[in-house]
């Protein structure tokens with residue numbers, strides 16, 4: 235049934251819908267997509283192309299798989315934010331297609347199978363948070379694709395002999411976690427599914443596959459255990475919170491923000507309905523039921539991991555969206571069977587699509603005042619214009635990336651400047667420059683040009699940049715200062 239179903243016209247329409255959503259993701263990634271934190275991810279890939287190593291040569295509190303993949307793409311297609319955005323947008327579209335295909339080939343009721351798959355496509359592909367953050371130069375797109383693909387491989391391994399699918403599932407799950415530890419929950423959940431089946435050879439194959447994407451990180455760890463451990467664990471557990479003194483209140487606001495989001499409420503309610511429909515529906519066979527349960531377990535585990543991150547952010551939860559959309563598609567089908575069994579399938583599907591499209595449009599409208607890369611490029615152009623070649627500068631990570639000027643050691647990761655309790659020798663080993671040292675350098679006239687988009691912070695105010703530099707320019711809420719005044 236599954237293979238024959240993929241050759242029919244409804245499935246082709248589903249492919250066309252996902253292709254349209256993917257095109258929308260790609261267009262958005264090249265026009266409106268921007269988050270401030272992607273600057274240090276892009277800069278890290280650029281530094282790798284310059285021959286530098288994460289942890290050893292610069293502070294980078296992330297796992298490395300996605301960073302090396304983006305660096306490889308930049309090596310082929312050029313060092314541009316557009317390359318990284320296009321890669322993540324295409325990977326996100328791939329994740330949506332894998333989720334849609336799963337729903338279409340597993341849903342039990344033929345009449346509502348296509349609407350259920352369309353619901354999954356719309357709930358995942360037009361999720362506002364996913365659209366806004368999985369199309370930028372961070373690891374979300376890679377994590378989405380690898381996580382859903384690992385789930386599909388684990389589902390395909392059920393009831394089959396051989397090590398190919400467990401090995402593939404482990405490799406893909408490892409790829410997700412090695413791209414961002416926010417996706418680490420995929421590993422124990424899928425490993426647990428093999429353990430519960432007591433297929434010990436499959437467990438071994440899964441573990442072997444999961445280790446492969448971590449080899450670059452392990453290689454760096456062997457060369458410098460101390461800095462690698464600090465970046466992967468020490469910074470996350472002790473110093474990440476230094477940038478958020480009111481993290482408790484912040485976490486509460488993020489965790490309760492779903493109450494104000496129509497998209498989140500709709501997804502949660504339909505996912506809950508899907509869980510009940512699968513559990514109680516007599517039309518569900520045991521194999522699809524177990525696979526949908528696995529999708530639900532992944533959604534819950536990823537959401538829990540995002541919730542306990544301190545501080546947490548709403549974009550962390552997007553990694554659970556495709557799995558929640560799979561359950562929600564089952565819920566949509568179940569509700570339609572019980573409440574609109576004799577109604578034409580187009581009406582409920584059209585109403586759901588309208589709600590999702592309007593919700594996504596409203597969210598994009600609310601983000602109309604955020605930065606754009608075209609604006610940051612103008613700031614970078616100003617820095618290039620006023621700075622002599624080779625002169626030392628202090629800028630935001632995105633400006634270093636756009637100007638292709640290598641940052642001074644310790645200036646690659648701006649959040650690390652707020653770490654002030656390290657001994658000077660250890661800080662130098664970790665490539666961390668605290669705010670006090672930056673202030674001393676500014677007062678000494680070390681930097682020919684200073685650029686910052688944090689004009690309203692107390693630290694920037696304390697530097698008196700307007701007095702230390704004779705010329706300045708402000709554009710798009712960012713300041714550029716050059717022509718050092720005599721001390």
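In the numbering used here, the protein residues as written are 235 to 721.
For every residue, glycine included, the Cβ atom is placed at its ideal position computed from N, Cα and C.
Keep in mind it's a predicted model, so treat the numbers as computed, not measured.
Assuming the contact rule is C-beta atoms closer than 8 Å, residue 627 and residue 587 should be a hit. Round their C-beta distance to whole Å, please.
That pair is no contact at about 49 Å.
Between residue 203 and the rest of its own chain, which residues show a CB-CB distance below 6 Å, the 5 nearest in sequence each way excluded?
The requested residue 203 is not part of the displayed model; the chain covers only 235 to 721.
On the criterion of 16 or more Cβ atoms from any shown chain inside 10 Å, does residue 783 qualify as buried, or is it exposed?
The displayed coordinates of the chain run from 235 to 721. Any statement about residue 783 would go beyond what the structure contains.
Quick check on residue 608: does DSSP put it in helix, strand or coil?
helix
Reduced DSSP secondary structure (H/G/I, E/B, other) of residue 716
strand
Residue 339 lies in the alpha helix (DSSP H); which residues open and close that run?
315-340
Taking C-beta to C-beta, are residue 419 and residue 535 nearer than 7 Å?
yes
By alpha-carbon positions, which one of 563, 473, 487, 272 ends up nearest to residue 338?
563
Contacting residues, own chain, Cβ-Cβ under 8 Å from residue 501 (five flanking each side not counted)
357, 361, 555, 558, 559, 562
Determine which residues share a DSSP beta bridge with residue 703 and list them.
718
Hey, would you say residue 483 sits closer than 7 Å to residue 350, going by beta carbons?
no
Would you grab the beta carbon distance between residue 651 and residue 668 for me? Rounded to a whole angstrom, and I think it's under 8 Å.
6 Å
How many Å lie between residue 428 and residue 386 at the Cα?
13 Å
Using only the alpha-carbon positions, how far apart do residue 610 and residue 710 sit?
8 Å
Cβ neighbour criterion (16 or more within 10 Å) applied to residue 400
buried
So, helix, strand or coil for residue 631, using DSSP?
helix
Cutting at 7 Å between CB atoms, please list the residues of its own chain near residue 716, excluding the five before and the five after it.
620, 621, 682, 683, 703, 705
Could you give the DSSP three-state label for residue 295: helix, strand or coil?
coil
Flag this pair as yes or no: are the beta carbons of residue 325 and residue 376 separated by less than 7 Å?
yes
Taking its Cβ as the centre, do 16 or more other Cβ atoms sit within 10 Å of residue 310, making it buried, or is it exposed?
exposed
Starting from residue 684, trace the alpha helix (DSSP H) in both directions and tell me its first and last residue.
Element bounds for residue 684: not the alpha helix (DSSP H) but the beta strand (DSSP E), 683-686.
Straight-line Cα distance separating residue 530 from residue 541:
16 Å
Please state the DSSP three-state secondary structure of residue 288.
strand
Can you give me the Cβ contacts of residue 344 inside the same chain, cut-off strictly under 7 Å, excluding the 5 residues immediately before and after it?
none
Could you check where the alpha helix (DSSP H) with residue 549 kicks off and where it finishes?
Residue 549 -> no alpha helix (DSSP H), and no H or E assigned at all.
Residue 674 classed as buried or exposed, judged by whether at least 16 other C-beta atoms fall within 10 angstroms:
exposed
Hey, residue 417 and residue 381: beta-carbon distance below 7 Å or not?
yes
Residue(s) in a DSSP beta bridge with residue 708:
713
Find out if the Cβ-Cβ distance for the pair residue 409, residue 450 is shorter than 7 Å.
no
If we call anything under 7 Å between Cβ atoms a contact, is residue 201 one with residue 252?
The displayed coordinates of the chain run from 235 to 721. Any statement about residue 201 would go beyond what the structure contains.
Residue 700 versus 691, 638, 692, 719, residue with shortest Cα-Cα distance:
719
Please report the straight-line C-alpha distance between residue 366 and residue 721, rounded to a whole angstrom.
45 Å
Ignoring anything shorter than 4 residues or poking outside the segment 398-427, list the alpha helix (DSSP H) runs there in chain order.
398-413
Where does residue 518 sit, in a helix, a strand or coil, going by DSSP?
coil
Residue 372 burial status per 10 Å Cβ neighbour count (16 or more: buried)
buried
I'd like the span of the alpha helix (DSSP H) that includes residue 656, first residue to last.
Note, residue 656: premise wrong, no alpha helix (DSSP H); not H, not E.
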